[in-house]
Amino acid sequence: MWNYNKKVMDHFLNPRNVGEVENPDAVAEVGNMSCGDALKISLKLDDQGRIADVKFQTFGCASAIASSSALTELVKGMTLDEASKVTNRDIVNVLGELPEEKMHCSVMGMEALQAAIADYKRKHGEKVDETTEDDGDHEGRIVCHCFGVTDAKIRKVAKINNLHKAEEITEYTKAGGACGSCLDKIQEILDELWRPGTSEHAQPAATPAEDFEKLSLVKKVLRVQDIIDREIKPVLERDGGSIELVDLNGNEVQVRLQGICATCPNSKLTLKRFVEAKIHEFISDKLTVVEA
Amino acid sequence: MEKENKVIYLDNNATTCVAPEVFEAMVPYLTELYGNPSSIHHFGGQVASKVEEAREKLADLLGAGASSEIIFTSCGSESDSAAILSGLSICPKRSKVVTTKVEHSAVINLCKELERKGYHVSEIPVDAKGRLDMERAREMIDEDTAVVSVMWANNEIGNIYPVQELAEIAHHNGALFHTDAVQAVGKVPMALKDMDIDMLSLSGHKFHAPKGVGALYVKRGVRFHPFLIGGHQERGRRAGTENVAGIVGLGKAAELAKEHITEENTRVKALRDQLEAGVLASIPSVRINGDPASRLPNTSNISFEYIEGESILMLLDLDHICASSGSACTTGSLEPSHVLRAMGVPYTAAHGSIRFSFSRYNTEDEVKFVLAKLPGVIEKLRGISPYWKNHQG
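In the order they appear, the protein sequences are chains A and B. Numbering that gives the first Met the number 0 puts the first sequence at residues 0 to 291. Numbering that gives the first Met the number 0 puts the second sequence at residues 0 to 392.
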């Protein structure tokens with residue numbers, strides 16, 4: 000049972016601006032039936048370039064219908080420039096609130112509006128910034144294959160709504176909401192996005208293999224410990240396991256797997272494919288990892 | 000016919016009302032008769048005899064060979080977990096569980112957990128009507144199979160599955176057979192003493208007993224390893240002080256279910272059929288999901304194409320009509336029902352699926368009321384849907 004507020008129920012029960020605008024200046028359709036919701040909007044501008052008429056059709060739940068209805072009320076009278084700045088937060092503000100699990104409905108509204116604006120620009124020979132406004136690097140690659148959500152969309156929605164957890168991204172974009180196999184990847188994207196100081200890749204710099212060889216034993220141990228703490232342990236801990244460095248003997252890194260890893264039948268694979276791979280990546284491929 | 004404020008409850012596969020007779024039977028055990036059935040004194044002992052009486056009534060409903068085959072539990076999920084885990088622990092040399100793609104999450108998620116622990120799980124697929132692929136079942140059930148767990152009747156579409164045949168296949172391969180009969184009990188006549196079913200799960204609140212009480216049937220001679228460890232209750236097979244009031248209620252509900260099982264298959268079935276016929280006659284682009292040849296008498300699963308289930312339920316709710324949906328949105332999950340997807344029901348229809356499930360407390364007036372309201376609801380939502388317009392050309 001969802002607790003929709005009165006405003007959401009009002010927009011659901013009495014949706015504004017349902018239908019299709021005649022001779023529209025722009026149309027857009029986002030979502031599809033297999034994903035469970037879809038929104039089609041069409042709009043017409045007046046002489047001053049303001050949105051004179053906008054209509055919607057929605058396939059979806061009550062909050063999808065309410066979000067679409069709210070969107071049309073919100074943007075009527077706006078110029079396309081003004082409309083391009085509308086985010087899902089503005090839609091939520093019109094409605095008062097939406098259940099967290101339904102935030103993706105408001106995001107769908109924002110996307111439909113932006114797609115309609117892009118459609119208008121395309122029709123009028125204007126350059127279309129396919130990459131969304133503040134995510135100028137690329138169109139994005141698909142992270143969630145179940146719902147076709149890109150990393151660019153994840154970053155964008157995260158920034159607008161100040162999201163830090165993968166589960167929140169699921170509520171806002173559906174990404175990770177089906178098989179769930181991309182949730183770790185989504186978290187990585189978020190961690191990178193919100194890493195303090197810089198949005199650039201802030202991976203620990205890899206030490207060239209020769210340099211590592213020249214380090215004193217103490218510094219070698221500290222270096223291995225650092226990589227274990229930063230790159231390896233957090234990943235294992237997410238699955239209920241852990242790891243500790245026992246010794247460094249020549250090129251042999253001796254570790255002890257703990258928690259669920261200690262009894263996991265795949266621990267040998269974890270050791271080689273993950274732990275050793277990380278050690279090779281960040282320190283030196285001359286090192287081998289063994290269980291102490 | 001107008002029943003503006005009365006709830007029309009057509010969600011009986013989710014839960015049912017507690018029958019007034021059941022409530023009445025329970026009251027003494029929530030008030031003056033609070034003794035512990037394990038006590039040696041007469042005050043507790045009289046309670047123990049009521050627990051045994053309930054066990055006999057339930058055994059009678061199931062057509063079990065003896066009441067000692069019944070273990071009281073807290074719910075259907077507990078019974079499912081207890082049965083499957085027991086099967087695995089008494090057949091340690093076998094590492095496989097065979098189940099279906101359309102089980103209740105109580106079994107599906109347990110099996111997923113077992114897979115993570117290294118067991119093999121095979122899921123029998125279904126066809127477009129939700130019927131099990133028995134040929135694949137025969138291939139999957141093998142000498143490595145410890146437990147075969149197949150629901151007696153499906154909660155979403157109501158399909159009744161050939162549990163006796165599957166039990167025979169399981170036994171032929173030396174495996175145990177368990178069935179989640181939560182939806183079947185009280186609707187499908189049972190004679191377990193003449194069947195090969197080793198273990199059967201049931202839940203009280205699906206047939207007018209309260210929530211929080213269930214049972215597991217374990218056939219005499221089948222070894223059982225307890226799930227809940229502790230005291231000697233239930234002859235050492237399920238620890239924990241008995242939910243006496245719940246058990247007494249379950250016994251009463253079993254007695255009533257036996258009395259009414261013919262009615263479930265005649266009058267209640269007729270209500271369901273009347274609803275389906277009315278919907279098909281008054282609303283275009285609908286499909287009935289499930290196997291019309293082998294289905295629970297009380298369950299109807301209908302897809303209203305081009306619209307989404309949560310919206311339908313919300314509008315029905317305004318008229319105090321309670322149903323449920325296989326749509327993604329209703330649960331907060333983002334995927335539509337695994338049952339409908341396993342059947343290959345197109346997403347377009349899966350998202351707009353509504354389950355109406357009846358009980359003996361429903362009336363013909365209620366069906367008429369629903370049939371008066373439903374076409375308007377569907378039309379309103381289709382008026383908003385972009386696909387309906389396309390479909391209309």
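C-beta atoms are modelled at their ideal positions from N, C-alpha and C, and glycine is treated no differently.
Quiz prompt | G245(B) burial status per 10 Å Cβ neighbour count (16 or more: buried) | solution = Locating residue 245(B) in the second sequence gives position 246, counting from the first residue. Buried.
Exercise. Using alpha carbons as the reference points, say which of E77(B), M194(B), G343(B) lies closest to D126(B).
Key: Counting from 1 along the second sequence, the entry for residue 126(B) is found at position 127. Cα-wise, what sits closest to D126(B) is G343(B).
Exercise. Starting from M198(B), follow its DSSP beta bridges and name the residues at the other end.
Key: Locating residue 198(B) in the second sequence gives position 199, counting from the first residue. For M198(B), which the question treats as bridged, DSSP gives the partners H177(B), V217(B).
Practice problem: For M313(B), return the contacting residues in chain A, with the cut-off set at a CB-CB distance below 9 Å. | Solution: Against the second sequence, residue 313(B) aligns to sequence position 314. Here the neighbours are W1, Y3, M8, F11, L12, C60, A61.
Quiz item: Which value, in whole angstroms, describes the spacing of the CA atoms of E199(A) and K372(B)?
Solution: Counting from 1 along the first sequence, the entry for residue 199(A) is found at position 200. Counting from 1 along the second sequence, the entry for residue 372(B) is found at position 373. At E199(A), the pLDDT of 43 sits below 50, so the modelled position is not reliable; the number obtained from the coordinates is stated separately. Taking the straight line from one Cα to the other gives about 58 Å.
Quiz item: If the cut is a Cβ gap below 8 Å, which residues of chain A does G382(B) touch?
Solution: Looking up residue 382(B) in the second sequence gives position 383. Residues of chain A passing the Cβ test: V17.
Quiz item: Going along chain A in order, which residues have a C-beta closer than 8 Å to the C-beta of L109(B)?
Solution: Translated into the one-based positions of the second sequence, residue 109(B) becomes position 110. The contacting residues do not exist; L109(B) stays about 18 Å from chain A at best.
Quiz item: Among the residues of its own chain, which have a CB less than 8 Å from the CB of V289(A), if the five just before and after it don't count?
Solution: Locating residue 289(A) in the first sequence gives position 290, where the first residue counts as 1. Once the five neighbours on either side are set aside, the close Cβ partners of V289(A) are E251, V252, Q253, V254, L270.
Self-check item: Contact set between Y386(B) and chain A, taken where Cβ atoms lie within less than 8 Å
Solution: On the second sequence, position 387 is the one that residue 386(B) refers to. By Cβ distance, chain A contributes M32, A37, F58.
Quiz item: Residues of chain A with a CB under 9 Å from the CB of Y8(B): which are they?
Solution: As a first step, residue 8(B) is located in the second sequence; it is residue number 9 there, counting from the start. The premise fails here: Y8(B) is roughly 15 Å from chain A at the closest Cβ pair, so nothing lies under 9 Å.
Exercise. With Q113(A) as the anchor, note down where its alpha helix (DSSP H) starts and where it stops.
Key: Locating residue 113(A) in the first sequence gives position 114, counting from the first residue. Looking at the DSSP string, the run of the alpha helix (DSSP H) that includes Q113(A) is 102-122.
Self-check item: Cβ-based neighbour list, K377(B), same chain, cut-off 6 Å, excluding 5 preceding and 5 following
Solution: Against the second sequence, residue 377(B) aligns to sequence position 378. One point to set straight first is that residue 377(B) is Ile, not Lys, in the sequence displayed. Contacts found: I282, F303.
Quiz item: Are there three or more Cβ pairs, one per stretch, closer than 8 Å when the stretch 46-53 of chain A is compared with the stretch 358-367 of chain B?
Solution: no
Quiz item: Can you tell which of S283(A), L256(A), E166(A), G258(A) has its C-alpha closest to the C-alpha of V223(A)?
Solution: Residue numbering aside, residue 223(A) sits at position 224 when the first sequence is read from its first letter. V223(A) has its Cα closest to that of S283(A), out of S283(A), L256(A), E166(A), G258(A).
Quiz item: Where DSSP assigns a beta bridge to R286(B), which residues make up the other side?
Solution: Against the second sequence, residue 286(B) aligns to sequence position 287. In DSSP, R286(B) forms a bridge with S302(B).
Quiz item: When the Cα of F368(B) is compared with those of V278(B), V184(B), P385(B), which residue comes out closest?
Solution: Position 369 of the second sequence, counted from the first residue, corresponds to residue 368(B). If we check each option's Cα against that of F368(B), V278(B) comes out closest.
Quiz item: Between which two residues does the alpha helix (DSSP H) containing D225(A) stretch?
Solution: Residue numbering aside, residue 225(A) sits at position 226 when the first sequence is read from its first letter. 216-226 is the span of the alpha helix (DSSP H), which, as asked, contains D225(A).
Practice problem: Could you check which residue in H40(B), K5(B), L215(B), S202(B) has the C-alpha nearest to that of I196(B)? | Solution: Stepping through the second sequence from its first residue, residue 196(B) is reached at position 197. The option with the nearest alpha carbon to I196(B) is L215(B).
Exercise. Return yes when the Cβ of A58(B) is within less than 7 Å of the Cβ of S66(B), no when it is not.
Key: Your numbering for residue 66(B) matches position 67 in the second sequence. Your numbering for residue 58(B) matches position 59 in the second sequence. Result yes, Cβ atoms of S66(B) and A58(B) sit closer than 7 Å.
Quiz item: Secondary structure at E307(B), three-state DSSP: helix, strand or coil?
Solution: The residue you call residue 307(B) lines up with position 308 of the second sequence. Coil.
Practice problem: Determine whether the Cβ of K218(A) lies closer than 7 Å to any Cβ atom of chain B. | Solution: Taking the first sequence and counting its residues from 1, one reaches residue 218(A) at position 219. Not one chain B Cβ lies under 7 Å of K218(A).
Quiz item: Along the stretch 110-130 of chain B, what residues have a CB closer than 8 Å to any CB found in chain A?
Solution: G117
Self-check item: Partners in chain A for P335(B), counting only beta-carbon separations shorter than 8 Å
Solution: Taking the second sequence and counting its residues from 1, the one referred to as residue 335(B) is at position 336. Going along chain A in sequence order, the residues near P335(B) (Cβ under 8 Å) are G35.
Quiz item: So, does the CB of E263(B) fall closer than 7 Å to a CB anywhere in chain A?
Solution: Counting from one through the second sequence, the residue named residue 263(B) turns up at place 264. E263(B) does not count as touching chain A.
Quiz item: What residues of chain B sit near A177(A), judged by a beta carbon separation below 8 Å?
Solution: Indexing the first sequence from 1 puts residue 177(A) at position 178. By Cβ distance, chain B contributes L333, E334.
Quiz item: For the alpha helix (DSSP H) that C110(B) lies in, which residues bound it at each end?
Solution: Mapped onto the second sequence, residue 110(B) falls at position 111. First-last of the alpha helix (DSSP H) with C110(B): 104-115.
Exercise. Please work out which residues of its chain come closer than 8 Å, Cβ to Cβ, to E167(B), disregarding the five sequence neighbours upstream and downstream, and give them in chain order.
Key: Here residue 167(B) corresponds to residue number 168 of the second sequence, with the count starting at 1. Correct list, in chain order: D195.
Quiz item: Residues in the stretch 69-102 of chain A with C-beta within 7 Å of chain B's C-beta atoms, listed in sequence order?
Solution: E100
Quiz prompt | Which of helix, strand or coil DSSP assigns to L12(A) | solution = What you label residue 12(A) is simply residue 13 of the first sequence in a count that begins at 1. DSSP places L12(A) in helix when its eight states are reduced to three.
Quiz item: Under three-state DSSP, which class holds H78(B)?
Solution: Taking the second sequence and counting its residues from 1, the one referred to as residue 78(B) is at position 79. Inspection of the sequence shows that residue 78(B) is occupied by Ser rather than by His. Looking at S78(B) - three-state DSSP - the assignment turns out to be helix.
Quiz item: Can you find a C-beta in chain A that's less than 7 Å from the C-beta of T144(B)?
Solution: For the purposes of this step, residue 144(B) is taken as the residue at position 145 of the second sequence. So, not an interface residue.
Practice problem: Return the residues of the stretch 265-282 of chain A that lie within a Cβ-Cβ distance of less than 7 Å from chain B, sorted by chain order. | Solution: none
Quiz prompt | Status (buried if at least 16 other CB within 10 Å, exposed otherwise) for Y8(B) | solution = Counting from one through the second sequence, the residue named residue 8(B) turns up at place 9. With 16 or more other Cβ atoms within 10 Å, it is buried.
Quiz item: So which residues on chain B does K164(A) lean against when the C-beta distance must stay under 7 Å?
Solution: The count along the first sequence starts at 1 and reaches residue 164(A) at position 165. Under the 7 Å cutoff, chain B gives no residues; its nearest Cβ is about 16 Å from K164(A).
Quiz prompt | Close-in-space but distant-in-sequence residues of the same chain around S83(A) (CB under 6 Å, 5 per side omitted) | solution = Position 84 of the first sequence, counted from the first residue, corresponds to residue 83(A). Taken in chain order, the residues that qualify are I116.
Quiz item: How many angstroms separate the CA atom of I89(B) from the CA atom of K111(B)?
Solution: Locating residue 89(B) in the second sequence gives position 90, where the first residue counts as 1. Locating residue 111(B) in the second sequence gives position 112, where the first residue counts as 1. Taking the straight line joining both Cα atoms gives about 20 Å.
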